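Engineer:
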Amino acid sequence: MPFDQLDLKRAIAGDERAMQRLWSQHAPHIDAVVRRLCGDPELAADVSQEVWMQIFRALPSYRGDSQFGTWAHRIAVNRTLNALRKIRRLAKLEVDIEDDSAVTENESERTFVAESIEQAMAKLSPGARAVFVLHDVEGYTHGEIGEELGITPGGSKSQLFKARAKLKKLLAHLVDDSIPVAGKGKEHVAPV
Amino acid sequence: MSHLSEEQLDHLIDQERTRVQAPLNEWRTIAARAREEGLIRGSAEGSSWRGTRPWMQAAAAIVLLAGGIAIGRTTAAIPGSSTDQAEQPAMATAAPVSNSGPITQVGGTTFASVDEASATLERALSDYQRASAFIAANVSGPTTIDSSRIYSARLAALDQVGNAMEGALRTAPHDPVINQYYLATMGARVATQQLAARPVGLRLKGF
Chain A
1 MPFDQLDLKR
11 AIAGDERAMQ
21 RLWSQHAPHI
31 DAVVRRLCGD
41 PELAADVSQE
51 VWMQIFRALP
61 SYRGDSQFGT
71 WAHRIAVNRT
81 LNALRKIRRL
91 AKLEVDIEDD
101 SAVTENESER
111 TFVAESIEQA
121 MAKLSPGARA
131 VFVLHDVEGY
141 THGEIGEELG
151 ITPGGSKSQL
161 FKARAKLKKL
171 LAHLVDDSIP
181 VAGKGKEHVA
191 PV
Chain B
1 MSHLSEEQLD
11 HLIDQERTRV
21 QAPLNEWRTI
31 AARAREEGLI
41 RGSAEGSSWR
51 GTRPWMQAAA
61 AIVLLAGGIA
71 IGRTTAAIPG
81 SSTDQAEQPA
91 MATAAPVSNS
101 GPITQVGGTT
111 FASVDEASAT
121 LERALSDYQR
131 ASAFIAANVS
141 GPTTIDSSRI
151 YSARLAALDQ
161 VGNAMEGALR
171 TAPHDPVINQ
181 YYLATMGARV
191 ATQQLAARPV
201 GLRLKGF
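Sequence lines, in order, name chains A and B. So in my numbering, spot 188 of the first sequence is number 188, and the numbers just go up one at a time. So in my numbering, spot 131 of the second sequence is number 131, and the numbers just go up one at a time.
1) Hey, out of F132(A), A45(A) and H173(A), whose CA is closest to D10(B)'s CA?
2) Output the distance between the C-alpha atoms of L4(B) and A165(A), rounded to the nearest integer angstrom.
3) Is any beta-carbon of chain A found at less than 8 angstroms from that of N179(B)?
4) Do L169(B) and T192(B) have their beta-carbon atoms positioned less than 8 angstroms apart in this structure?
5) Taking the alpha-carbon positions, what's the S48(A) to L12(B) distance?
6) Just to confirm the assignment, what range does the alpha helix (DSSP H) spanning R79(A) have?
7) Have a look at V51(A), D40(A) and L8(A) and flag the residue whose alpha-carbon is nearest the alpha-carbon of S61(A).
8) Thinking just about the alpha-carbon of each residue, which of I117(A), V33(A), N82(A) and K86(A) is nearest to the one in A72(A)?
9) Between which residues of its own chain and A120(A) is the CB-CB distance below 6 angstroms, once the five residues before and five after are set aside?
10) Alpha carbons only, please: which of R74(A), A13(A) and G150(A) is nearest the one belonging to L183(B)?
11) Quick one, which of L149(A), L160(A) and A18(A) has its alpha-carbon nearest R85(A)'s?
12) Determine the DSSP secondary structure at H11(B), reduced to helix, strand or coil.
13) Between R79(A) and Q21(B), which are expected to be in contact by the criterion C-beta below 8 angstroms, what is the C-beta distance as a whole number of angstroms?
14) Classify V51(A) as buried or exposed, calling it buried when 16 or more other Cβ atoms lie within 10 Å of its own Cβ.
15) Rounding to the nearest angstrom, what Cα-Cα distance links Q5(A) and L174(A) in this structure?
16) Going straight from the alpha carbon of A45(A) to that of E116(B), what length do you get?
17) Using the Cβ count rule (16 or more neighbours within 10 Å means buried), how would you classify N179(B)?
18) So that I know if they touch, is there some Cβ in chain A lying closer than 8 angstroms to that of R17(B)?
19) Around the Cβ of N163(B), are there at least 16 other Cβ atoms within 10 angstroms (buried) or fewer (exposed)?
20) Go ahead and pull the three-state DSSP assignment for N25(B).
21) Measure the C-alpha to C-alpha separation of S125(A) and R123(B) and round it to an integer number of angstroms.
22) With a cut-off of 8 angstroms, does the C-beta of S125(A) fall near any C-beta of chain B?
23) Out of G39(A), E138(A) and F68(A), which has the shortest C-alpha to C-alpha gap to R21(A)?
24) Between which two residues does the alpha helix (DSSP H) carrying A3(B) extend?
25) Taking 8 angstroms as the threshold (beta carbon to beta carbon), is A95(B) in contact with chain A?
26) Beta-carbon of V137(A) versus every beta-carbon of chain B: anything under 8 angstroms?
27) Would you say W52(A) faces chain B, with C-beta separation under 8 angstroms as the test?
28) Which residues in chain B have a C-beta closer than 7 angstroms to the C-beta of F56(A)? List them in chain order.
29) How should P23(B) be labelled, buried or exposed, when 16 other C-beta atoms within 10 angstroms of its C-beta is the threshold for buried?
30) For W23(A), go through chain B and note every residue whose CB falls closer than 8 angstroms to its CB, in chain order.
31) Report back the beta-carbon spacing between R57(A) and L39(B) to the nearest angstrom; my notes put them in contact at under 8 angstroms.
32) Determine the DSSP secondary structure at G214(A), reduced to helix, strand or coil.
33) Tell me the rounded alpha-carbon separation between M165(B) and S152(B).
34) Measure from the C-beta of Y151(B) to each C-beta in chain A and report whether the shortest distance is under 8 angstroms.
35) Using the beta-carbon of each residue, which ones in chain A are nearer than 9 angstroms to L12(B)?
36) Check the Cβ of V114(B) against every Cβ in chain A and list those closer than 9 angstroms, keeping chain order.
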């Protein structure tokens, strides 16, 4: 049953059933972005709790100007990035983000065999992962990413380029597997 | 060392974007946190508007919407209530209903815009709710057989009002007046259930 305005009113009033319905409908998407940004399942689970508390706290301020999922998604991204900053995972990256030498590979990384793109993403530095996830997966523009991370759009583009290059290496073992070359010849059309 | 092509990477990203994943936590974990913070008021079993186990709701504490107690005590004249204290805020919430047209002056107050009037209304509602919560917490009296009947009658009436408000919300989900009255009605209902659930003779000390 879709979450509607009536459920929203009930959730604001503290109705657990309405809140659970809201969570059930949106948790797969909200938690997915948290998981991708964190890169660590345990950390992501903790951050997800904070995200959902913030969503519930902020419910009265939801004006219906956008889809609820979009509104909640923004909260999830902001809250997750804040959490990552707090634990200083992003701090180093934000210093290094304009530094071209930031992305380096050691032997263990080169020999790392990723089983999935999620695992490969987890191998990215926190900031590179954030840029990659926000741009390529979530559809943010470089300008929006710059605002979220406190970097320039150029820095975001640079970080994305490095992230994609690294992912292509990390996922190289999949070349011989059955990844179709979908849209061969098509340009990368992620938002700029 | 071989690399994925741009297209192959894009394909993987597309798969990742659409991949359905289980939530990171179970609902009971989220619910426990929400309950700790007071975001959940009541329990899932009794939280339905027409719940079959209303005594579960009676345990809920809705401070935000505690105005219902003040309204109820005023209208029912239950022993121990303070009519004078509750009457004024009750009138305050009634104001918006009688001013549905483009009126710029209400009583002695002039509004320059709808936004200003809305902000005033929100402040008034907030003040009203806090005052009602204070009254409910500090003015109490014993529950009697008569008051129990009054509570039952009030619950039935509030159900009817709530149903009407639900219908109105479906038609006009963003109407601020309907929203306020819907929330106030819900609060009044839960607060009344709290009162009705108290053992006869037990004094209400607060939420």
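Where a beta carbon is used, it is the ideal one built from N, C-alpha and C, also for glycine. Note that this is a predicted model, so its numbers are computed, not measured.
Structural biologist: Looking at the atomic coordinates:
1) By one-based count along the second sequence, residue 10(B) stands at place 10. Closest option to D10(B), Cα to Cα, is F132(A).
2) For the purposes of this step, residue 4(B) is taken as residue 4 along the second sequence, with counting starting at 1. For the purposes of this step, residue 165(A) is taken as residue 165 along the first sequence, with counting starting at 1. Computed Cα separation, rounded: 9 angstroms.
3) Mapped onto the second sequence, residue 179(B) falls at position 179. Chain A contact via Cβ: present.
4) Position 192 of the second sequence holds residue 192(B). Position 169 of the second sequence holds residue 169(B). In this structure, L169(B) does not lie closer than 8 angstroms to T192(B) by Cβ.
5) If you number the first sequence from 1, residue 48(A) lands on position 48. If you number the second sequence from 1, residue 12(B) lands on position 12. Straight-line Cα distance between these residues: approximately 24 angstroms.
6) On the first sequence, residue 79(A) is found 79 positions in, with the first residue counted as 1. Taken as a continuous stretch (DSSP letters only), the alpha helix (DSSP H) holding R79(A) covers F68 to K86.
7) Walking along the first sequence from the start, residue 61(A) turns up at place 61. Checked all of V51(A), D40(A) and L8(A); the closest Cα to S61(A) is L8(A).
8) Taking the first residue of the first sequence as 1, we reach residue 72(A) at position 72. Nearest of I117(A), V33(A), N82(A) and K86(A) to A72(A), Cα basis: V33(A).
9) Taking the first sequence and counting its residues from 1, one reaches residue 120(A) at position 120. Around A120(A): A114, L167, L170 and L171.
10) Taking the first residue of the second sequence as 1, we reach residue 183(B) at position 183. Here the closest residue by C-alpha is A13(A).
11) In the first sequence, the residue the question calls residue 85(A) occupies position 85. Of L149(A), L160(A) and A18(A), the residue nearest in Cα terms is L149(A).
12) For the purposes of this step, residue 11(B) is identified with residue 11 of the second sequence, where counting begins at 1. Helix at H11(B).
13) Working through the first sequence from its first residue, we reach residue 79(A) at position 79. Working through the second sequence from its first residue, we reach residue 21(B) at position 21. In this structure R79(A) does not touch Q21(B) by the C-beta definition: roughly 18 angstroms separates them, more than the 8 angstroms allowed.
14) In the first sequence, residue 51(A) corresponds to position 51, counting from 1. A residue is called buried when at least 16 other Cβ atoms come within 10 angstroms of its Cβ; V51(A) meets this threshold and is buried.
15) Here residue 5(A) is taken as the residue at index 5 of the first sequence, counted from 1. Here residue 174(A) is taken as the residue at index 174 of the first sequence, counted from 1. Rounded to the nearest whole angstrom, the CA to CA distance from Q5(A) to L174(A) is 45 angstroms.
16) Counted from its first residue, the first sequence places residue 45(A) at position 45. Counted from its first residue, the second sequence places residue 116(B) at position 116. The straight-line gap from Cα to Cα measures roughly 42 angstroms.
17) Residue numbering aside, residue 179(B) sits at position 179 when the second sequence is read from its first letter. Label assigned to N179(B): buried.
18) Translated into positions along the second sequence, residue 17(B) becomes position 17. Using a Cβ-Cβ cut-off of 8 angstroms, R17(B) counts as an interface residue toward chain A, since at least one Cβ of chain A sits closer than that to its own.
19) Taking the second sequence and counting its residues from 1, the one referred to as residue 163(B) is at position 163. Exposed, by the Cβ-count rule.
20) As a working note, residue 25(B) is residue 25 in the second sequence. Three-state DSSP puts N25(B) in coil, outside helix and strand.
21) For the purposes of this step, residue 125(A) is identified with residue 125 of the first sequence, where counting begins at 1. For the purposes of this step, residue 123(B) is identified with residue 123 of the second sequence, where counting begins at 1. Looking at the two C-alpha atoms, the distance is approximately 46 angstroms.
22) For this step, residue 125(A) is matched to residue 125 along the first sequence. It does not; no Cβ of chain B falls within 8 angstroms.
23) Within the first sequence, numbered from 1, the residue matching residue 21(A) stands at position 21. Measuring C-alpha to C-alpha distances from R21(A) to each of G39(A), E138(A) and F68(A) identifies F68(A) as the nearest.
24) For this step, residue 3(B) is matched to residue 3 along the second sequence. Checking the displayed sequence, the identity of residue 3(B) turns out to be His instead of Ala. Judged by DSSP secondary structure, H3(B) falls outside any alpha helix (DSSP H); it is assigned neither H nor E.
25) Mapped onto the second sequence, residue 95(B) falls at position 95. Caution is warranted here: a pLDDT of 40 is assigned to A95(B), below 50, making its placement in the model unreliable, and the coordinate value is therefore given only provisionally. A95(B) does not count as touching chain A.
26) Taking the first sequence and counting its residues from 1, one reaches residue 137(A) at position 137. The beta carbon of V137(A) falls within 8 angstroms of a beta carbon belonging to chain B, placing the residue at that interface.
27) Residue numbering aside, residue 52(A) sits at position 52 when the first sequence is read from its first letter. Chain B contact via Cβ: present.
28) Here residue 56(A) is taken as the residue at index 56 of the first sequence, counted from 1. The contacting residues are A34 and L39.
29) Residue numbering aside, residue 23(B) sits at position 23 when the second sequence is read from its first letter. It counts as buried.
30) Looking up residue 23(A) in the first sequence gives position 23. Ordered by position in chain B, the residues that pass the 8 angstroms Cβ test against W23(A) are P23, W27 and I30.
31) As a first step, residue 57(A) is located in the first sequence; it is residue number 57 there, counting from the start. As a first step, residue 39(B) is located in the second sequence; it is residue number 39 there, counting from the start. That belief holds up - the Cβ atoms of R57(A) and L39(B) are roughly 7 angstroms apart, short of 8 angstroms.
32) No answer is possible for residue 214(A): it lies beyond the span of chain A, which begins at 1 and ends at 192.
33) Against the second sequence, residue 165(B) aligns to sequence position 165. Against the second sequence, residue 152(B) aligns to sequence position 152. Looking at the two C-alpha atoms, the distance is approximately 20 angstroms.
34) The sequence position of residue 151(B) within the second sequence is 151, counting from 1. Not one chain A Cβ lies under 8 angstroms of Y151(B).
35) Residue 12(B) sits at position 12 when you count from the first residue of the second sequence. In chain order: S116, I117, A120, L167, L171, L174 and I179.
36) Counting from 1 along the second sequence, the entry for residue 114(B) is found at position 114. Listed along the chain, the chain A residues whose CB falls inside 9 angstroms of the CB of V114(B) amount to none; the nearest CB is some 15 angstroms away.
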